[in-house]
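A.B. asks:
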Amino acid sequence: MAGTLLNSCFMAPLLWTVLLLVVSPGNAFYLPGSYMHTYSQGESISAKVNSLTSIETEMPFNYYSLPYCRPKGGIKKSAENLGELLMGDQIDNSPYEFRVNVNESLFLCTTKGLNENDAKLLKQRARDLYQVNMMLDNLPVMRFTEQNGVTVQWTGFPVGYSPAGSSEDYIINHLKFKVLVHEYEGSNVEIIGTGEEGSGVISEIDKKGMSGYQIVGFQVVPCSVKRNAEDFSKLNMYDSIDPVDCPVELKKAQVIRQQERITFTYDVEFVKSDIRWPSRWDAYLKMEAGSKVHWFSIMNSLMVILFLAGIVFVIFLRTVRRDLTRYEELDKEAQAQMNEELSGWKLVVGDVFREPTCSELLCIMIGDGVQILGMAIVTIVFATLGFMSPASRGMLLTGMIVLYLFLGIAAGYVSVRLWRTIKGTSAGWRSVSWLTACFFPGVMFTVLTVLNFVLWKSESTGALPISLFFTLLALWFCISVPLTLVGGFLGTRAEQIEFPVRTNQIPREIPARKYPSWLLVLGAGTLPFGTLFIELFFILSSIWLGRFYYVFGFLLIVLLLLVVVCAEVSVVLTYMNLCVEDWRWWWKAFFASGSVALYVFLYSINYLVFDLRSLSGPVSAMLYVGYSFLMAFAIMLATGTIGFLTSFAFVHYLFSSVKID
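With mature numbering (1 follows the signal peptide of the UniProt record, and there is no 0) applied, the sequence shown covers -28 to -1, 1 to 633.
1. In or out: N578 buried (at least 16 other Cβ within 10 Å) or exposed?
2. Identify whether Y24 lies in helix, strand or coil by the three-state DSSP scheme.
3. Which of the three DSSP states is assigned to A143 in this structure?
4. For the alpha helix (DSSP H) containing N476, list its first residue and its last residue.
5. Shortest alpha-carbon distance to I344 belongs to which of P500, G371, Y156?
6. For S16, write down the residues that DSSP places opposite it in a beta bridge.
7. Looking at the unbroken beta strand (DSSP E) that takes in G189, where does it start and where does it end?
8. Could you say which of H146, A496, V151 lies nearest to P215 if we only look at CA atoms?
9. Suppose contacts are defined by Cβ-Cβ distances below 8 Å. Is S16 in contact with E69 by that definition?
10. What residues in its chain sit with their C-beta under 8 Å from that of S66, if we drop five residues either side in the sequence?
11. Do G55 and G322 have their beta-carbon atoms positioned less than 8 Å apart in this structure?
12. Starting from D323, trace the beta strand (DSSP E) in both directions and tell me its first and last residue.
13. Rounding to the nearest angstrom, what Cα-Cα distance links W557 and M337 in this structure?
14. For I143, is the beta carbon positioned less than 7 Å from some heavy atom of the ligand ATP?
15. Short of 7 Å in beta carbon distance, which residues of its chain neighbour I373, apart from the five on each side in sequence? Order them along the chain.
16. Please report the Cβ distance between G358 and A610, rounded to the nearest whole angstrom; I am assuming they are in contact, meaning their Cβ atoms lie under 8 Å.
17. How do the segment 84 to 98 and the segment 232 to 242 stand: do at least 3 beta-carbon pairs fall below 8 Å, yes or no?
18. Please state whether the Cβ-Cβ distance between W401 and R480 is less than 8 Å.
19. Going by alpha carbons, who is nearest to L512 out of Q13, V530, L584, V243?
20. Would you give the residue range spanned by the alpha helix (DSSP H) that S77 belongs to?
21. How many Å lie between P250 and F190 at the Cα?
22. Which residue comes first and which comes last in the beta strand (DSSP E) that contains Q96?
23. Would you kindly check if the distance between the Cβ of V353 and the Cβ of F242 is under 8 Å?
24. From this set, Y599, F605, Y142, which residue's C-alpha is nearest P219's C-alpha?
25. Does the beta-carbon distance from V541 to L334 come in below 8 Å?
26. With DSSP as the reference, label S66 as helix, strand or coil.
27. Can you grab the Cα-Cα spacing for the pair G380 / G460, in whole Å?
28. Using 8 Å as the threshold, is the segment 615 to 631 in touch with the segment 466 to 485, meaning 3 or more CB pairs across them?
29. What alpha helix (DSSP H) runs, 4 residues minimum, are completely inside the segment 373 to 459?
30. Looking only at DSSP bridge pairs, what is Y156 linked to?
31. Give me, in chain order, the residues of the same chain whose beta-carbon lies closer than 6 Å to that of I270; leave out the 5 immediate sequence neighbours on both sides.
32. Measuring only the C-alpha atoms, how far is E155 from V192?
33. Just list the residues that DSSP pairs F116 with in beta bridges.
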């Protein structure tokens, strides 16, 4: 399995690149996603089911862990990519079959009397608000509900429900499907896709004779209907039945009770639609709050940037330039006299490049930050360009992992080159490279292993299979670690960055301050957080509430603004520290922008308390906090790296302009 998985993950992008280079130009083509499938009248098509999910527990479970009807030919698992496996997806076939453009009402099966365990499990899944996630032609099933006079769109349908004021639980056992189809007349369109499972490459030219129907929508109205089990048990699967309307009275609904036999049925109606195949995902990707809130976030970020840019402008052009001009125009005696009269950054010239405490850890964190930042930027750029369609489930996560692995060479190069700059020698570069390769992945594997044991104990499909666990370890040690070592070796061969001033043997005493310097560092993180928090809400909603997030254009703009704000905040804070004769700027420059991670983590806890109030149980809370910690830790490394590298360039430029005897 691991070999197949690796082949699908790494060969698909390569084949795509080759195909796009050599394919002859056509009238039009579709970028990766699910390739367009045209069905003929009466052609049979089956729905698929994914893992059961809930916003209350955040622990997915296998669809067939509940007493649902099984397909005639047995359960067959679909091929899944690395991202799908990590997200806990488990896609299986289902007994729900349709014939294109044929409206019918069909019987599926009648279960045996529910035993105590099945009845208890069904009740628990219904009370925990578990959803059935079904797909047809790679489109998730959609349902609509009315809340306070507003129509709300959902993906999936509930396992059951527990009405207010009732002690009973009811199961959803009848589904009224509506399949939207677009009548397609073949045209000269070149179709390029990754296949429904994201693992194949297809290139074909539609002919005029290939007319038919394309599925452009999949909707469901779920309901609970009490059936006479004795009468329905005489029917065979897919026998026709009379269509039914969803009952309103609870006495006509199917209760979940021990020894109760449950009959599963469904209706399907095909409706012609003007929606074209390339636009069929638009209904899923509509922004709930519209684009105004995203533009507000961007304008808010721009205001912060302009404010900080004004401060940086003053520092560079009015203060630094003026001081340097005056300093360089004086003779040596006047310079000495000026040093006695003035305080500020000019007095720490002999200490500003003194080696910081825990310098090896700083180099390691900067290297890992470069790796994470590069992965984030490239991934979001590709997603913005449309190369990571929501139709290709798991491709976003798969792409992030592949990019992270190969960017290990950049992490090793940066960390070792910074190590050489601080130490003045390449001695110890192997240790720095190894630790760079193992620091962030080691923390992540430790946390994920603990969470995985929790999921294993709960028998959730979110738990990583042991084979996948070893596959990830193999990817880490066989790709990321060697590339990081190669990058470290290249770092030893790169030109060493020379400090523009000499460091004194005796450290200069730092004047006492009225307030702790770290207080200012923590406060600086609020500015980058201000550019991020609105978009962060949509990202958290996408992760924890099962909503689609596909406004990557906005996310790319916010990311670029965040990079600028982090750089400006760090430069301003570094200059402020140097002005009070505090030459210990290295770590403070890192955490000036990196402290935004603290506010991201606190915001995640706030989101848990106020927006995920339905999240129940210590296991669910533990999963949420664990994943939120990993996200905040990655953000700290990435934003801290931006701030440090910018401050280093600023300090190097500043003191390279000072004349020293």
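We put the CB at the ideal spot given by N, CA and C, even for glycine.
C.D. replies: In short:
1. In the sequence shown, the residue the question calls residue 578 occupies position 606. The residue is exposed, with fewer than 16 neighbouring Cβ atoms inside 10 Å.
2. Taking the first residue of the sequence shown as position 1, residue 24 is located at position 52. The displayed chain sequence assigns Leu, not Tyr, to residue 24. Note: L24 maps to strand in three-state DSSP.
3. Residue 143 sits at position 171 when you count from the first residue of the sequence shown. For the record, residue 143 in the displayed sequence is Ile; it is not Ala. In this structure, I143 counts as strand in the three-state DSSP scheme.
4. Stepping through the sequence shown from its first residue, residue 476 is reached at position 504. Looking at the DSSP string, N476 is not in any alpha helix (DSSP H), and its letter there is neither H nor E.
5. What you label residue 344 is simply residue 372 of the sequence shown in a count that begins at 1. The residue with the shortest Cα to Cα distance from I344 is G371.
6. Taking the first residue of the sequence shown as position 1, residue 16 is located at position 44. Beta-bridge pairing links S16 to R71.
7. Translated into positions along the sequence shown, residue 189 becomes position 217. Looking at the DSSP string, the run of the beta strand (DSSP E) that includes G189 is 184 to 195.
8. For the purposes of this step, residue 215 is taken as residue 243 along the sequence shown, with counting starting at 1. P215 has its Cα closest to that of H146, out of H146, A496, V151.
9. The count along the sequence shown starts at 1 and reaches residue 16 at position 44. The count along the sequence shown starts at 1 and reaches residue 69 at position 97. Yes, these two residues count as a Cβ contact at 8 Å.
10. Start at 1 with the first residue of the sequence shown, and residue 66 comes out as number 94. Same-chain partners within the cutoff: S18, A19, K20, V21, Y35, P43, M106.
11. Residue mapping note: residue 322 aligns to position 350 of the sequence shown, counting from 1. Residue mapping note: residue 55 aligns to position 83 of the sequence shown, counting from 1. No, these two residues do not count as a Cβ contact at 8 Å.
12. For the purposes of this step, residue 323 is taken as residue 351 along the sequence shown, with counting starting at 1. Where D323 is concerned, there is no enclosing beta strand (DSSP E), given that its DSSP letter is neither H nor E.
13. For the purposes of this step, residue 557 is identified with residue 585 of the sequence shown, where counting begins at 1. For the purposes of this step, residue 337 is identified with residue 365 of the sequence shown, where counting begins at 1. Roughly 16 Å separates the two Cα atoms.
14. Here there are no bound small molecules, and the ligand ATP is not part of this structure.
15. Here residue 373 corresponds to residue number 401 of the sequence shown, with the count starting at 1. Result list for I373: L54, in chain order.
16. As a working note, residue 358 is residue 386 in the sequence shown. As a working note, residue 610 is residue 638 in the sequence shown. That pair is no contact at about 24 Å.
17. yes
18. In the sequence shown, residue 401 corresponds to position 429, counting from 1. In the sequence shown, residue 480 corresponds to position 508, counting from 1. In this structure, R480 does not lie closer than 8 Å to W401 by Cβ.
19. Counting from one through the sequence shown, the residue named residue 512 turns up at place 540. It is L584 whose Cα lies nearest to the Cα of L512.
20. For the purposes of this step, residue 77 is taken as residue 105 along the sequence shown, with counting starting at 1. From DSSP, S77 is part of no alpha helix (DSSP H) but of the beta strand (DSSP E) over 76 to 82.
21. Counting from one through the sequence shown, the residue named residue 250 turns up at place 278. Counting from one through the sequence shown, the residue named residue 190 turns up at place 218. Roughly 15 Å between the two C-alpha positions.
22. Reading the sequence shown from its first residue, position 124 is the one you call residue 96. Careful: Q96 lies outside any beta strand (DSSP E), inside the alpha helix (DSSP H) at 88 to 99.
23. In the sequence shown, counting from the first residue as 1, residue 242 sits at position 270. In the sequence shown, counting from the first residue as 1, residue 353 sits at position 381. Contact: no.
24. As a position in the sequence shown, residue 219 is number 247, starting the count at 1. The shortest Cα separation from P219 among Y599, F605, Y142 belongs to Y142.
25. Locating residue 541 in the sequence shown gives position 569, counting from the first residue. Locating residue 334 in the sequence shown gives position 362, counting from the first residue. For V541 and L334, no; Cβs fall outside 8 Å.
26. By one-based count along the sequence shown, residue 66 stands at place 94. In the structure shown, S66 sits in a strand (DSSP, three-state: E or B).
27. The residue you call residue 380 lines up with position 408 of the sequence shown. The residue you call residue 460 lines up with position 488 of the sequence shown. So the alpha carbons of these two residues sit roughly 10 Å apart.
28. yes
29. 380 to 395, 401 to 429, 438 to 447
30. In the sequence shown, counting from the first residue as 1, residue 156 sits at position 184. In DSSP, Y156 forms a bridge with G184.
31. On the sequence shown, residue 270 is found 298 positions in, with the first residue counted as 1. So the qualifying residues of the chain are I529.
32. Translated into positions along the sequence shown, residue 155 becomes position 183. Translated into positions along the sequence shown, residue 192 becomes position 220. Taking the straight line joining both Cα atoms gives about 21 Å.
33. In the sequence shown, residue 116 corresponds to position 144, counting from 1. DSSP, once it has assigned bridges, lists Q125 as partnering F116.
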